[in-house]
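> One rule links them: number in this note's numbering = place in the sequence shown (from 1) + 46.
Mind looking over this structure? Questions follow.
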Amino acid sequence: MQTYIIFGWFVKFLHAHDISSSTAGWMVALFSALSIPVSMVVPALASVRLRPVITVLCGCSLIAYIGLAVAPNGGAWLWMVLAGLGAGAFPVALMMIGLRARNAQSTAALSSFVQAIGYTVAGAGSLLFGVLYGSTQHWTLPLVLLIVALVLTYIAGIVASRERFVDDELATSQPSLDKNPAASDPQSP
Numbered sequence: 047m048q049t050y051i052i053f054g055w056f057v058k059f060l061h062a063h064d065i066s067s068s069t070a071g072w073m074v075a076l077f078s079a080l081s082i083p084v085s086m087v088v089p090a091l092a093s094v095r096l097r098p099v100i101t102v103l104c105g106c107s108l109i110a111y112i113g114l115a116v117a118p119n120g121g122a123w124l125w126m127v128l129a130g131l132g133a134g135a136f137p138v139a140l141m142m143i144g145l146r147a148r149n150a151q152s153t154a155a156l157s158s159f160v161q162a163i164g165y166t167v168a169g170a171g172s173l174l175f176g177v178l179y180g181s182t183q184h185w186t187l188p189l190v191l192l193i194v195a196l197v198l199t200y201i202a203g204i205v206a207s208r209e210r211f212v213d214d215e216l217a218t219s220q221p222s223l224d225k226n227p228a229a230s231d232p233q234s235p
């Protein structure tokens with residue numbers, strides 16, 4: 047969601063704060079360019095030190111969002127660099143899908159579930175950002191949305207970083223079946 051908002055809205059945001067459209071476009075391009083190498087390096091680091099990596103990435107984004115709220119013009123290049131580093135949280139989230147399932151079938155099921163919800167939230171979040179800006183003509187509430195999304199990302203990341211597997215949780219939540227499957231089947235003769 048945060049990346050969609052940055053791609054879709056930050057040129058307008060930066061331009062509204064006296065940065066030329068061209069320069070604002072370059073700043074969003076820098077965000078994108080940084081997120082590519084970060085996406086390649088961060089999962090390797092996260093596989094060893096997951097919680098500290100999540101904390102650092104979310105911290106970078108938080109500083110960027112606060113900086114954009116307080117001094118959008120003065121430190122815009124720095125804020126976009128920090129946001130680009132913080133964007134490494136997305137590949138970590140994708141990596142965690144594989145870390146929290148024991149086999150390919152569980153990984154595929156978890157990935158389908160998580161990504162279906164995630165991309166729905168991402169699209170809706172970008173729309174909500176625009177609605178908040180359109181209805182207020184100010185950037186305060188849209189930036190609050192980004193910070194709230196970031197806090198939820200951090201909490202979810204910390205919870206998901208526990209050494210647990212979805213397979214194990216599903217196995218304990220399913221009711222036990224009778225030893226004789228025919229005895230529990232009402233259609234059985």
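Beta carbons: idealized from backbone N, C-alpha and C, even for Gly.
Nothing here was measured: the structure is a model prediction, and the numbers come from that model.
So what's Pro83 in DSSP terms, helix, strand or just coil?
Counted from its first residue, the sequence shown places residue 83 at position 37. The answer is helix: DSSP assigns Pro83 an H, G or I state.
> Expressed to the nearest angstrom, what Euclidean distance is found between the alpha-carbon atoms of Glu215 and Ala202?
Residue numbering aside, residue 215 sits at position 169 when the sequence shown is read from its first letter. Residue numbering aside, residue 202 sits at position 156 when the sequence shown is read from its first letter. Approximately 17 Å between the Cα atoms of the pair.
> What is the residue span of the alpha helix (DSSP H) that Ala162 lies within?
Here residue 162 corresponds to residue number 116 of the sequence shown, with the count starting at 1. Counting along the chain, the alpha helix (DSSP H) containing Ala162 begins and ends at Ala150 to Thr182.
> Which two residues bound the contiguous alpha helix (DSSP H) that contains Phe211?
Position 165 of the sequence shown, counting from 1, holds the residue named residue 211. Looking at the DSSP string, Phe211 is not in any alpha helix (DSSP H), and its letter there is neither H nor E.
> How long is the line joining the alpha carbons of Leu128 and Gln48, rounded to whole angstroms?
Start at 1 with the first residue of the sequence shown, and residue 128 comes out as number 82. Start at 1 with the first residue of the sequence shown, and residue 48 comes out as number 2. Roughly 13 Å between the two C-alpha positions.
> Let me check understanding here. Comparing Cα to Cα, which of Leu60, Ile82 and Pro83 lies closest to Trp72?
In the sequence shown, counting from the first residue as 1, residue 72 sits at position 26. Minimum Cα distance to Trp72 is reached at Leu60.
> Considering only the alpha carbon of each residue, which of Pro118, Val212, Phe136 and Ser152 lies closest to Ser85?
Position 39 of the sequence shown, counted from the first residue, corresponds to residue 85. When only C-alpha atoms are compared, the closest one is Phe136.
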